[in-house]
Every structure is written in structure tokens, then in C-alpha cells.
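Chains as they are written, first to last, in the working numbering: chain A, 79 to 313; chain B, 2 to 640; chain C, 101 to 376. The beta-carbon is built from N, C-alpha and C at its ideal position, and this holds for glycine as well.
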Amino acid sequence: MSVVEEHSSHDHHGYYAEGGNHHDTPQAKHRKEHMLVWMLIGGDMVFTALIIFAWFYLKALNVEGMWRGAACTPNFNAGINQSCTDGIGNSITHIIPTASPVHTFAVAILAIVGAGLMWFAEVQARQGASRKTTTPLLGLASLAILGSLVWQIYQFQVLPFTTVQGAYASVFEYIMGSNVGHLLLILLVATGLFIRSSKGLHENGRWYQIHLSRLFSVWVAFSITLLACMVTFFN
Amino acid sequence: MSTTALLEDTKLGPKAGGLYRHQNFLTGIITGGLAMLVGWLIAHYTLQSNANWGSDMVVTVTMAAWVVGFMAGIGAFNAVFRWMIGHDQDHEDELYAAGVSQGWKRYFKFCTDHKVVGTQYLVLVMTLFAVGGTLAMIIRTQLISPNNHLISPQTYNAVISIHGMIMIIATIIMVSGPWANFILPIQVGAKDMAFPRLNALSLWLVVAAVPPILISLFIGGVDSGWTTYAPLSVQSPPGQDAFSITIITFVVSVTVAGINTITTTLTMRAKGMTMGRLPIFVWGSIVSAGLGLYAMPAFLAAQSMLLTDRVVGTSFFAPAQGGAGWLYENIFWIMGHPEVYVILIPGVAAAMDVASTFSRKPVFGYKIGIGAFFGLAVLAIMVWAHHMFTTGWAPNLADPWMLTTELISIPTGIFFLVIIGTLWRGSIWTRLPMYWVYLFLWNFIIGGVTGIYLSDVPADQYFHGDMFVTAHFHYTLLGGAMIGATAALCYWFPKMSGRMLNERIGKTAFWVVAIFFQVTYFGMFWEGFQGMPRRIAAYAPYFHTANVIATVGAYGLFLGWVILLYALIHSWMNGKVAPSNPWHAKSLEWHISSPPPLENFLVDPIVTSDPYTYGEDEAATPAKNPTPATVGSSEEGAH
Amino acid sequence: MSSNHEDIKREQIAEAVEGWTHGGPLYRRPAFRIMILVVLFSAFGIWAAAFFTDKIMPSILSTQMGSVHDTVILFTVLAAPVSALVYAIAAYSVYKWRRTGGDEPPPDGPPIRENTLVTSLWLGMSVILVVVLLVWGMTALSSENQGQLKPVTVDVYGQQWLWTFKYPGTGVESNQLVVPTGRQIRFVITSYDVTHGFWPNSLGVQVDANPGFNTYITADPTKTGQFAVRCSQLCGLYHAYMDANGKVVTPAQFSAWLISQGASSSAANAYALGGK
Numbered sequence: 079m080s081v082v083e084e085h086s087s088h089d090h091h092g093y094y095a096e097g098g099n100h101h102d103t104p105q106a107k108h109r110k111e112h113m114l115v116w117m118l119i120g121g122d123m124v125f126t127a128l129i130i131f132a133w134f135y136l137k138a139l140n141v142e143g144m145w146r147g148a149a150c151t152p153n154f155n156a157g158i159n160q161s162c163t164d165g166i167g168n169s170i171t172h173i174i175p176t177a178s179p180v181h182t183f184a185v186a187i188l189a190i191v192g193a194g195l196m197w198f199a200e201v202q203a204r205q206g207a208s209r210k211t212t213t214p215l216l217g218l219a220s221l222a223i224l225g226s227l228v229w230q231i232y233q234f235q236v237l238p239f240t241t242v243q244g245a246y247a248s249v250f251e252y253i254m255g256s257n258v259g260h261l262l263l264i265l266l267v268a269t270g271l272f273i274r275s276s277k278g279l280h281e282n283g284r285w286y287q288i289h290l291s292r293l294f295s296v297w298v299a300f301s302i303t304l305l306a307c308m309v310t311f312f313n
Numbered sequence: 002m003s004t005t006a007l008l009e010d011t012k013l014g015p016k017a018g019g020l021y022r023h024q025n026f027l028t029g030i031i032t033g034g035l036a037m038l039v040g041w042l043i044a045h046y047t048l049q050s051n052a053n054w055g056s057d058m059v060v061t062v063t064m065a066a067w068v069v070g071f072m073a074g075i076g077a078f079n080a081v082f083r084w085m086i087g088h089d090q091d092h093e094d095e096l097y098a099a100g101v102s103q104g105w106k107r108y109f110k111f112c113t114d115h116k117v118v119g120t121q122y123l124v125l126v127m128t129l130f131a132v133g134g135t136l137a138m139i140i141r142t143q144l145i146s147p148n149n150h151l152i153s154p155q156t157y158n159a160v161i162s163i164h165g166m167i168m169i170i171a172t173i174i175m176v177s178g179p180w181a182n183f184i185l186p187i188q189v190g191a192k193d194m195a196f197p198r199l200n201a202l203s204l205w206l207v208v209a210a211v212p213p214i215l216i217s218l219f220i221g222g223v224d225s226g227w228t229t230y231a232p233l234s235v236q237s238p239p240g241q242d243a244f245s246i247t248i249i250t251f252v253v254s255v256t257v258a259g260i261n262t263i264t265t266t267l268t269m270r271a272k273g274m275t276m277g278r279l280p281i282f283v284w285g286s287i288v289s290a291g292l293g294l295y296a297m298p299a300f301l302a303a304q305s306m307l308l309t310d311r312v313v314g315t316s317f318f319a320p321a322q323g324g325a326g327w328l329y330e331n332i333f334w335i336m337g338h339p340e341v342y343v344i345l346i347p348g349v350a351a352a353m354d355v356a357s358t359f360s361r362k363p364v365f366g367y368k369i370g371i372g373a374f375f376g377l378a379v380l381a382i383m384v385w386a387h388h389m390f391t392t393g394w395a396p397n398l399a400d401p402w403m404l405t406t407e408l409i410s411i412p413t414g415i416f417f418l419v420i421i422g423t424l425w426r427g428s429i430w431t432r433l434p435m436y437w438v439y440l441f442l443w444n445f446i447i448g449g450v451t452g453i454y455l456s457d458v459p460a461d462q463y464f465h466g467d468m469f470v471t472a473h474f475h476y477t478l479l480g481g482a483m484i485g486a487t488a489a490l491c492y493w494f495p496k497m498s499g500r501m502l503n504e505r506i507g508k509t510a511f512w513v514v515a516i517f518f519q520v521t522y523f524g525m526f527w528e529g530f531q532g533m534p535r536r537i538a539a540y541a542p543y544f545h546t547a548n549v550i551a552t553v554g555a556y557g558l559f560l561g562w563v564i565l566l567y568a569l570i571h572s573w574m575n576g577k578v579a580p581s582n583p584w585h586a587k588s589l590e591w592h593i594s595s596p597p598p599l600e601n602f603l604v605d606p607i608v609t610s611d612p613y614t615y616g617e618d619e620a621a622t623p624a625k626n627p628t629p630a631t632v633g634s635s636e637e638g639a640h
Numbered sequence: 101m102s103s104n105h106e107d108i109k110r111e112q113i114a115e116a117v118e119g120w121t122h123g124g125p126l127y128r129r130p131a132f133r134i135m136i137l138v139v140l141f142s143a144f145g146i147w148a149a150a151f152f153t154d155k156i157m158p159s160i161l162s163t164q165m166g167s168v169h170d171t172v173i174l175f176t177v178l179a180a181p182v183s184a185l186v187y188a189i190a191a192y193s194v195y196k197w198r199r200t201g202g203d204e205p206p207p208d209g210p211p212i213r214e215n216t217l218v219t220s221l222w223l224g225m226s227v228i229l230v231v232v233l234l235v236w237g238m239t240a241l242s243s244e245n246q247g248q249l250k251p252v253t254v255d256v257y258g259q260q261w262l263w264t265f266k267y268p269g270t271g272v273e274s275n276q277l278v279v280p281t282g283r284q285i286r287f288v289i290t291s292y293d294v295t296h297g298f299w300p301n302s303l304g305v306q307v308d309a310n311p312g313f314n315t316y317i318t319a320d321p322t323k324t325g326q327f328a329v330r331c332s333q334l335c336g337l338y339h340a341y342m343d344a345n346g347k348v349v350t351p352a353q354f355s356a357w358l359i360s361q362g363a364s365s366s367a368a369n370a371y372a373l374g375g376k
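This is the structure:
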């Protein structure tokens, strides 16, 4: 491989530039971070797809009739375990009720609102809005996401079943847990954006971080909604 | 040259780095330990009341607290926190984080310099291999006689499980850790990785992930193998919880490392470094990283579902409550099969580059070789159920799985074509790295061919779950991928350490490893043909001879690696000082000094050809000991 | 790619082909010597496979086990020349093209970057081999499920760390697996606790015992003899000791054995001798 010299000047300040990355024009930095966010979303898509797989797989198998406890009949030969019991040994004699879609969709709608507000803030910042416009929008976005998170945690209290009551309950609560994790992540990001915006760090064309955060938040809102539809309409 | 000294010894202000100034490996351990204690106290006194899952909950919380505490203590969250409060790190902080003016101490810090991270990875990988290898010796010693009582069956199960998982972790990072971090950015002409902080994060996450899996040995162990098949793993001792925390932490590490490698290659190439001019090792690394991005979420899903089954009583895998072990097996192998190619591809790619350098010839079939990487990656995600031929899951689908599995032999065959095509009529320069390439060829053929037997469903109904499988995958992963990685180690050692590797000791190690490797796994194939199941602590006397062969071989193999380790340490401390290009190779890393300075390139390189111009243009060959700023002639036209 | 580059490449390839095929007397040409090595390596590989199947593997007690033996032999016969080619070229390259360079590299080799003909041949060969392997596997797989008489059903139960075999209709329950020749045996397998691997090894079949599910496998015993039933899936503490004895016997002996285990003679005969 042959190389030729381009220039011999050596500008340290250009290299370890302020704000993190080396030597980059803002465009190059944004391109990298764009890739980062999309790859994270890609990985998360695989994770979501596996949750969906687990849901439909266990639902289709309905092992021992224990998807929702409806038809508990040990269905393999000679009835080894008379196992119509939940995970802690209580017998299950009834159908496990489904969770109320009100809570499920409230979480999803709040997440959508949060992501939407963030998107709106991005549009405003792109049009050159000052911190006076973006800060309240990002603050509201954080609040909406916080609301979604709190409601999701609250839903654990009002479920008509617990984790031990069969496969439906298991996957349902696992999805809730996954939502909590995702919402916590975008809550931290949204809060950070809110604080940074209040310091004027997103003014003068520096809207890119809002854009990246919006991409991931929209994906999170989408996946929460998708899973909410799944658990509500295909149970 | 003076600029090098200037940058690395820049005087930073007394506050540069902020909190980083006070954080290192030790504070990480202290904070992690304290977090563990707090986590344990809280979990013990509030959650233990739940008699069903109490102890699992306590172990999970304690281990997770360790990981978070350690990462906080070493400074992984500083920059995130400062971003959140809108008080970004400034230029001096960044320089401090990159290790400027800290000397050897930067190796024990959350250092963002890719060469420091690469070196840290190398030491970490060596440590993991040492632990995993020692566990392997315990296994082989237990199996030296049919009914040995060296260790109890419970300990035995824990040892095989932890041996497996430690080795899987070590092999996943053995190339993508040291070499994709240290060498790859230089090869593409970049000054660092795309995300230096994520780079440091990926390293320290692995460090944080190691203690839980080792602790698991002392809290009951894992008794279901590295695959931790459910429902057995749902009933395992609390060691399983620590194991799952290790995996979940490791998943995050591999994900961010993979994203970093891909982004670096796609966005940070030097001027003139087109994708078609990348060394083939770079291609192998990014394909492997991309495959890892697909595989790791499945690992997360499998282990987190297992953890919730154990800790909060969900029933993903417990049949009595509506779960299915087949669900675990599917999700696990959706991860598991791509994962073996994550391990394999960079090792093969490195071997291809080494073969080219020491044959003094271009890589034969560069494009079709890259095509084979992609082909292998695509096939890898469509073959997972061949691990489940004998589980009884979907027997009607055996034919399609057999098809995709056997198709794997086409891209794998191309690997061999590329390497032997490169050797063909070359000027074979028999230096140490090249030795390992020959061993790679020898072993990987055997690993590949035995894989074909297993891909055939009727034959797999005999061989599945027996020692034949063990021998097969050790031939591919240890004999193939790890030998390829060893070639890479011997090849890039001078660049990394600035010292030449002692070839006399190295070649001794080579012959010991090469011979005893064959002995060990010949013994295991023998056991496999005889029908000895895997993972058994005692066996029928009928299998004794083969086991003695395997054990004796394993001792020799271990000795071989110890000799190589000695060669490495000895050379790193006392070796001859390495010139910048000891192998007269042509890729970019050989154009700069050994070891490279901070920022790698003193001048921005412009690349005018690929690194395989052997025999094509003498003028393009760099001088014997080029100064860091090599000025080559621009070759006639672009290749 | 510049024309200059193309020229160099063409020259080098021409030279390479020249040396390969026309380099003096036959025995001195690389192609010939490599072929000799290929034959030697292949012969060794095939001998090793024959040795392993003949001397090391358990004896063939069923058509399935016969097909395992055949597969190992056939696959080795197919794979040995390919592996041998790689080994031969590698060995020849060390023997013939090695340069002792010391610290200085030898002169560069010919810049052969690609060769469409060789690559196409290699790919074509791989595809043909894959097709052969696949057809072989699929044929063996589909022929596994053919039987003339009604199959003998044996229910297999795995539990930590014990196998139990039930012979439905006869009331016989045993820790020993006894099956007759000349009939297809249909195993119905499940587990009481965790996943086990049911592996009657001389029958050449294997399937997991999954809790919560039945799995099925069929075997056609052809020869009487003893074999071991092992657990092939790690199942906890005493996994290593989860063995059972297996025996293939004649139908008459099978019937007699069932009676000795407490079955009524009518039930035993009906079960063992069966009907269409």
C-alpha cells in the first residue's frame, strides 16, 4: 500500500475538538452518531421481534393449557404432573383474566406524546427557534415520558394476575419490564435535552442531538404501541 | 517526531479530566464492592421474605449492583452525566481521558485511546484464557479415570459450564477486542475509533462481567452447561443468576463494540481508502461485528427471560406453568449459531492477511473472500435449528435446516480457496505467524469436515450430544478461530508492544500446541465414535483409553500455551526493539512507528492502492524502516 | 484497473500455468506431485473413517445405525479428496516454495489476485458436493419412517436420573429397554422433570425427552445384541450415571420377556407379534 503525504501541519485543537469526538466536522460527527442510533434501533428490533416470537410461540403451544389457565389439561401421556398449579403451587381452576387495555394503551399514548413533542422540538430547533421555544417542549416531552413510565409501573399494581400465573401473564409482565427499561432510557435522554436546551446548547443550528434522541424515542414509542396492540388483540 | 512528544506529554491543567483524575481500576473495585454490599443489604432485608425466589433475587440484585457500581467507580458514566447537565467535557478533559501524560497508569483507567483499549483487551483475553484453560485441565483430570472422585458431580457441572462460557466470552473478544481496536483504526487510516468512550465502555463492561461468573462457582455453580438449557437452568443453584448478569453485561459490551467497529470503518477511512482497498481483516471484522449486533439481543432475551423465570417466577420455560424449553433452545441458538461465526470470521480474515504477507503475494480472490464472509453471515442466521435436530422440535423441518447447514460448506470452502490460492507459488517466508496459518488450515479442515457429519440429520442422531460434537467445535473454535487469532497475535505483537516476539520460544510453543492439539481431540473423536456423552463426570470403563489419550494431550496443549505466554511476557519485557515494519507488509499500520504514537498518523495519509501490491510495483513498497510519515510514490492510476 | 496492471497479471498467470503443467518431466511438475499427495492424504482419511466405523463405533443393531455408518463412510470418501487437496497444496508450498529469509523477506511472489476458472471450478465442486450430501441425508431421513407391520410402541420416561420404559397394553414397566427385531419400534418419549436426551446408541437414533411434550422417534432393529441407553442432554447432578441397559431380541424372546415381567401371555403375544 502506498501512501502520500497530505499536509504536515498538526492541529491538536482540531483533533480533540470540544464536545467529544476527534477531529470531526459537525457533519462527520453527526453521520457517525446517526449510524450509532440506527444500529442500536436495529439491535432493539431483533430483541422486540424475539419477544413477539415468544408471545405467539407460547400462545400457540398452550402447554398444559396454561397459556391463560383456561383449559388446564395435562396433555402428555399418562399425566405425569397433575400440574394445574401456578408457579408457587396454588391450583389454577379458572381462566386468567386479561389485563385492562386502558392502562396498556395509556402507557403507549403517553410515550407517543413524549416522542411527538420531542419531534416537534426538533422541527422548531431546525427552524432556528431559540431556547424559549425548545425548552418548554422538551420539558413537556420529559414529563410525558415520565408519565408513561409511572403509569407503566402503576400497571403492575392493578394487573389481575401475577407473574406466576401462566405463560400469558409471564410474557405480559416481561413486556412491561422491557417498557420500563426503554422508557427509563429515553427519560434520561429527554431530561438531558431539556437541561441542555435551557442552557442554549441547542440553539444556532445545533439541533442534531434532539434529532438523534427523537429517532430513538419514536422507535421506543412505536415498539411499545406495537406490543400493546399485540397483547390486547392477540391474547 | 517532535509533535509526538508534544502531544503525549502535553501539560494539562490541574483540573483537566475532572472526576476522571481520581478514578481508576481500584476506585472501580471499591465502589463496586460498596454497591454490592448495599445491594445485598437492601435485597437481603427487603426481598428475602419471598421464600420462593428470595435467594435468587438477592444474588441478582447484588451482582447487578456490582456491575453498575464498578462502572460508576471507574468513570464510565461521567461523560453521560455531564452531558445530561449540559456541562460537556472540554478539550483538556478529552485529552486527559485519552491518557495524555499519565504513563503506565492509563492502562488502569477508563482510557479512550484505542491502543490502550486494545492492549487492555489483550491482557483481559489472556487472563480469561488462563482461567478457562485451567478449568479445562480440571475437567480433563477428572476424566483421567472412569470413576474419579477428584471433584463432585456438582462441582464438575459448574466447572464445565464456566469453562464453556469463559471460553465463549474470551473467543468472542479475542480478535475483535485487541486487534479490531488496536489495529483496525490504523488500517483504515483513522486516528481513533469512532466512539472512543464507547470503546472504553465496551472493555470495562467485560471486566465488570467477569467477577459474577467466577463468583457463581462459589454459590452453587451453574449445573446446565454453557448453554444453560431450561428448564434445568430454572432450577439451578443461585450461581445461575450471577451467570445471567455476566451475560447481560457482556451483551451490552459486544453490542457497543460492534457498532464502534462498523462506524469506524464506514466513516473514518483515510482519503483514498476505498472499501475495495481495505485489508481483508477489516472486512472480516465488520461482518463479524454486524453479525454480533444480530446475535447479541437474542442472548439478552434468552438470559433475561431465564432470569425472570428464576427471580420473579415467570414461566417462559417451565412446562408445568405453560412454558416450553424449546422456546429457550430456539432463542438461545438464534444467538448461538451466529455467535460462532462472530468468533470465527475475524480469525479467518486475520489468517488471510498473514498468509498474504508471508507468501509475498496478494490475497487470492479478495472479492470472493469478502463475499464468503457475507454469505456465511447470512447463512448463519438461517441455521440455528440444526442444534435442535434431536430435540424433537419440528422434525418436519429437518430438511430445510439440513439444506441451509450444508450450504455453509460453500463459503467455508472459499476460505480455504483464498488461503491456498494465496500460498500458491508464493515465496513462503516461514516466520512464526505463518506457522499458525498452516496449523489453522490443518485444524479447520478437520473441524469443517466433521461438521458435515453433524449436519446430516440421520448421522446427527448418533453423534449429537456426544464427545464427537465437543471435538468438532474445539477443532473449529480453538483449532480454527483461536489459531487464526494466534497468528494475528504473533503478527501484530511487534506493532503493539514495540518488541519482536522471540521466535525460538514461539516456535517451540507452536510445535507443542500443534502436536498435542491433535492428540487431545483425536482422543475426543474416539470417545465420540464410541458413544460417550458430553458433560459427564464419570464414564463406563469402555471409554477409558480414549479419555487417557485426550487428557494427556490436553496437558501437553496447556503446556504449549504456557510456553507461548512465556514467550510473550519475556519478549514484551526483554525483546529486541521492533522496527516499524518488521514483516515488510504494506497495510497502513506498518507505515507508522512501533508502538504507534497517540493519534497514530503524524500526517494524514492518502491511500493510492490496496495493501496487496506484492510483486506488482516495487516502487510502491515502503522503505525498510520508514519514518512514521512515509512518502510513497503514487502508483500508476488507482487499482 | 489499469491496462498495465492487467498485463502484469496476465503474464504472471501465464507463467504460473506454464510452471504448473509444463515444468520438465511429469514427476517434477507441481500438479503431479500435489496429486500424489492428494491420493495419499485421501487414502489415509478414508482408512481412518473405515477404522473408526468398523472398530470403534458400537455394532449395528438397526437400519438407522447402518445408515450412520454408511454416512460416515460416504461423507469421508467425498470430503477426503477436498481436504487432501488443501493439505497437499499447503504441504507442497512449505516443501517447494519456502524461502529461508531470516529477517529479510524473500522476493515477492507472482501477483495472482484471482483466477476465474479456478474459483468457478471450486465453487462448482462445492455445490455438487452439497447437493450430493443433501440428497443422501434427505433420502436416509425419509426412509426412516417406513414400516410394514404395525409398529411396537414403547413409552419412554426420563427423570433425574433414571429411564423408565413402559410397554403399553401389557402393563410391563421396566428400567431395561428390550425391543424385538423385525418390527419397527416407535418410541414415545417424555420427561418428568427437566430435558433429557434419549439415546439408545446402537439403534442410531436420538431424541430429547422434554417435560410437557411427547417426542417421537422410530427405529428398525435388525440384529440381536446388547446396547446402552444413555442420556445425551445434561440433566443435572448425576447426569453421568443416567444409563440403562438395552437389548434387541427375537420376537419370541421378546414375548417371553414380557411374560416374565408380569404380562399376561395373550397381551404379550398380541403386543410382541402384532398385526398389520
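Could you check what DSSP says for residue i in three-state terms: helix, strand or coil?
{"i": "Asn149/B", "result": "coil"}
{"i": "Asn215/C", "result": "coil"}
{"i": "Asp467/B", "result": "strand"}
{"i": "Thr120/B", "result": "helix"}
{"i": "Gln259/C", "result": "strand"}
{"i": "Ser276/A", "result": "helix"}
{"i": "Lys577/B", "result": "coil"}
How about residue i: is its C-beta nearer than 9 Å to some C-beta of chain B?
{"i": "Tyr338/C", "result": "yes"}
{"i": "Leu262/C", "result": "no"}
{"i": "Asp293/C", "result": "yes"}
{"i": "Ser248/A", "result": "yes"}
Tell me the residue span of the alpha helix (DSSP H) that contains residue i.
{"i": "Trp385/B", "result": "Careful: Trp385/B lies outside any alpha helix (DSSP H) and carries neither H nor E."}
{"i": "Val312/B", "result": "Ile281 to Val312"}
By the DSSP assignment, the beta strand (DSSP E) with residue i in it spans what residues?
{"i": "Cys331/C", "result": "Gly325 to Cys331"}
{"i": "Trp299/C", "result": "His296 to Pro300"}
If we cut at 9 Å on Cβ distances, does residue i have a partner in chain A?
{"i": "Trp430/B", "result": "no"}
Taking the straight line between their C-alpha atoms, what separation do you get for residue i and residue j?
{"i": "Phe210/B", "j": "Ile216/B", "result": "A small fix is needed here, since residue 210/B is Ala in this sequence, not Phe. Taking the straight line from one Cα to the other gives about 11 Å."}
{"i": "Thr61/B", "j": "Leu589/B", "result": "46 Å"}
{"i": "Trp297/A", "j": "Trp197/A", "result": "12 Å"}
{"i": "Phe141/C", "j": "Glu407/B", "result": "23 Å"}
{"i": "Tyr230/B", "j": "Val329/C", "result": "21 Å"}
Given a cut-off of 9 Å on the beta-carbon distance, is the pair residue i and residue j in contact?
{"i": "Leu599/B", "j": "Ala515/B", "result": "no"}
{"i": "Leu308/B", "j": "Gly121/A", "result": "no"}
{"i": "Ile411/B", "j": "Gly452/B", "result": "no"}
Any beta carbon of chain C sitting closer than 9 Å to that of residue i?
{"i": "Lys362/B", "result": "yes"}
{"i": "Ile516/B", "result": "no"}
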